[in-house]
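> Going by my numbering, 1173 is the number at position 108 of the sequence shown; the sequence numbering is gapless.
We treat Cβ as the ideally placed atom computed from N, Cα and C, and that holds for glycine.
Predicted model only: the values in this text are computed from it and were never measured.
Here you go, one structure.
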Amino acid sequence: PPRLRAMATAQAPAAAPSPALLARRGRVDFHTHILPRSWPDFSRRYGYGGFVHIDHDQDHVQQPGNARLLRDAELVAEVFPNAWDVNARILDMDRAGVDVQVLCTIPEMFAYWAKADDAADLARILNNDMAEQIKRAPERFVGLGTLPLQAPELAIAELQRCMTDLGFAGVVVGTHVNEWNLDAPELVAFWKAAEELGACVFVHPNSLEAGADEERYFLPKMVGMPAEICHSVTCFLTGGVLDKFPRLKVCFAHGAGTFPYVRGHLEHGLTFGRHNLHDAIETLAPGLYSGRFFCDSIVHSQEATEFLLKSMSEDMVVFGSDYPHPLGHGANRLPDGKLVSPDYKTVYSYLEASTLDKVMGTNALRLLTPIEQPAPAPPPAPSAEGVVEAEDGSATAAEESEAVPAAAADHTAPAADGA
């Protein structure tokens, strides 16, 4: 997208982040969520239930101005206006010292369970709205679209539209798509398209349902979510997705879950377990130690943050807040009940300035800026006699030496079964 290339090259077009942002080595919040102020009642639109809709009826909210998210008649959450109000969001960003937010929808809107055409229609509605909100302050926001991943062909079409027509930097996807893990053969074409388009893929947990006893302690998000992300990272690596598509740019949410902390256990189990998984460990180890994927910084404590930066490399961690959600990093609650984020120079006061620059800015730019595809080597010039001089001095017919692009790597092989 133009605004991210401009951030990397400091040659910004009109719609790109301002030179002032570049001069300040702007702080990027990679993990934030946004919703439209309103959207169609999808259950009515498609003729069956299960979709989330928004209700602005002020008779049923705890705080004036809030709205309720409902799945059919069941309350999902009550949200503040900064969930959709760009002006309110910018005020919070300025208070927190954040220059740019990377926006994506919430996992409750993924709708991977829905009929394919309906999910594609829903994704277009959400992506179009996000694009319009970004236009109101293009120097402050970068978009990650949502896709109907249960239908890979439709997902690829929407991915292409997000990247080319809407100017997004990439997409957000779930840790799994119904019964498919991220290394499922059905998703190979999607990963291939994401690599070819230079799209950033942000992996966010999407299994947050719970029974009453679990919900009482918020366990699905506090305990289950990190484990879900760890499972997703492990499948992604052991399934060889990065081996097939080494130029992929992927970031896992919430510090890659428990993965950094249990990877030694994983390695030991894969190597010495009762199952023959030596091929898996050979794939897993390079993914662990070669800095081949990113994660965000949402781990909530100094000790965990310092371990994350050491184990995953400070070059591969991007700052995230989960704004405007209650689990947002460093969030404070104001007297009116609103959650806001403090200045992150205060939150990360224990980090070296050089590390903070990477986590808050330069790492995100590397992740979000499209990777330029290598240009093919120019053809050798024909001689006056119509022959071409080869490197070894031999001559071949000029018409047989016309430039032929190097064959692309074969990215069509089916992925391994999910781990």
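1) In angstroms, rounded to a whole number, what distance separates the CA positions of leucine 1134 and glutamine 1123?
2) Taking 6 Å as the limit between beta carbons, can you name the residues of its chain near valine 1242, skipping five residues before and five after?
3) Going by DSSP, name the residue or residues bridged to arginine 1136.
4) Express the C-alpha separation of threonine 1427 and methionine 1158 in angstroms, rounding to a whole number.
5) What separation, rounded to the nearest whole angstrom, lies between the Cα atoms of phenylalanine 1301 and histidine 1269?
6) Quick one: give me the first and last residue of the alpha helix (DSSP H) that glutamine 1518 is part of.
7) Could you pull out every residue in the same chain whose Cβ sits closer than 6 Å to the Cβ of glycine 1208, ignoring the five residues on either side in sequence?
8) Pull up the DSSP beta-bridge partners for serine 1265, would you.
9) Measure the CB-CB distance between leucine 1247 and glycine 1320 and report whether it falls below 8 Å.
10) Glycine 1426 by DSSP, collapsed to three states: which one?
11) Could you pull the start and end residues of the beta strand (DSSP E) that aspartate 1194 belongs to?
12) Determine, using beta carbons only, whether valine 1165 and glycine 1091 come nearer to each other than 8 Å.
13) Whole-angstrom Cβ separation of cysteine 1295 and phenylalanine 1267, contact assumed at under 8 Å?
14) If you draw a straight line from the C-alpha of alanine 1181 to the C-alpha of arginine 1226, how long is it?
15) Can you give the beta carbon distance from leucine 1262 to leucine 1224, rounded, assuming they're within the 8 Å contact cut?
16) Near methionine 1425, which residues of its chain fall below 6 Å by C-beta distance, leaving aside the five closest residues on each side in sequence?
17) Helix, strand or coil for aspartate 1308 per DSSP?
18) Please report the straight-line C-alpha distance between tyrosine 1111 and aspartate 1183, rounded to a whole angstrom.
19) How many whole angstroms separate the CB atoms of aspartate 1150 and glycine 1114, which I take to be in contact at a CB cut-off of 8 Å?
20) Residues bridged to aspartate 1094 by DSSP?
21) For the alpha helix (DSSP H) holding aspartate 1159, just list the boundary residues, first then last.
22) State the start and end residues of the unbroken beta strand (DSSP E) segment that holds leucine 1209.
23) Beta-carbon separation of aspartate 1094 and tyrosine 1413 under 8 Å?
24) Are the CB atoms of isoleucine 1119 and leucine 1140 within a distance shorter than 8 Å?
25) Going by DSSP, name the residue or residues bridged to cysteine 1360.
Reading off the structure:
1) 13 Å
2) Here the set comprises Tyr1177, Leu1214, Gln1215.
3) Val1117, Glu1139
4) 18 Å
5) 13 Å
6) A question about residue 1518 goes unanswered here, because the residues of the chain that appear run from 1066 up to 1484.
7) Leu1168, Met1195, Ile1199, Phe1233
8) Reading the sequence as shown, one finds cysteine at residue 1265 and not serine. For cysteine 1265, which the question treats as bridged, DSSP gives the partners Gly1235, Lys1314.
9) no
10) helix
11) No beta strand (DSSP E) holds aspartate 1194; the alpha helix (DSSP H) holding it covers 1181–1200.
12) Against a cut-off of 8 Å, the Cβ pair of glycine 1091 and valine 1165 comes out as a contact.
13) The C-beta separation of cysteine 1295 from phenylalanine 1267 comes to about 17 Å, leaving the pair out of contact by the 8 Å criterion.
14) 17 Å
15) 7 Å
16) Arg1092, Phe1384
17) Looking at aspartate 1308 - three-state DSSP - the assignment turns out to be helix.
18) 7 Å
19) Approximately 28 Å separates the beta-carbon atoms of aspartate 1150 and glycine 1114; this is outside 8 Å, ruling out the contact.
20) Gln1166
21) 1151–1161
22) 1206–1210
23) no
24) no
25) Phe1317, Val1382
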